Amino acid sequence: MLIIADDIPSKATCAPGTGEATARVMAERERINTRKFFISKIMPRMFGDKVQQETTGAGGGAIKTETKAIELTPELKAELHKINEISMNMVKPEGIE
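Okay, structure coming up:
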């Protein structure tokens, strides 16, 4: 990456107004950005992007949670009961408490 960025010509040799000065500035900017990217990957703790996660609700307050009780149908209750019975009769593998 550094070699490619350094290969971009950054010398303005033509007359003003031809856009070569702009090209030189863009080449230098790309050269700097490449080095910033490279160092952020090599030393992310010091030069990496700051990642900040906030867990607040609207207006900086607490996050609102809602608990909703649902009623199981008799069929689902029967299936859940069967699953519980099967799991109670299962043998635990060795090493699991």
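Residue numbering for the sequence shown follows the UniProt record's numbering, beginning at 1 and increasing consecutively. Cβ atoms here follow ideal geometry from the backbone N, Cα and C, with glycine treated the same way. Everything numeric in this text was worked out from a predicted model, so none of it was measured.
CB-CB length for residue i against residue j, believed under 8 angstroms
{"i": "Thr-55", "j": "Ile-42", "result": "Rounded, the Cβ-Cβ distance is 31 angstroms, inconsistent with contact."}
For residue i, the first and last residue of its enclosing alpha helix (DSSP H)
{"i": "Met-88", "result": "74-88"}
{"i": "Lys-36", "result": "20-42"}
Near the ligand HEM: residue i beta-carbon under 7 angstroms from a heavy atom
{"i": "Glu-20", "result": "The ligand content of the structure shown is nil, which means the ligand HEM is not present either."}
Within-8 angstroms CB hit, residue i to chain B
{"i": "Ile-42", "result": "Absent from the structure is chain B; it holds one protein chain and no more."}
Close-in-space but distant-in-sequence residues of the same chain around residue i (CB under 6 angstroms, 5 per side omitted)
{"i": "Val-51", "result": "none"}
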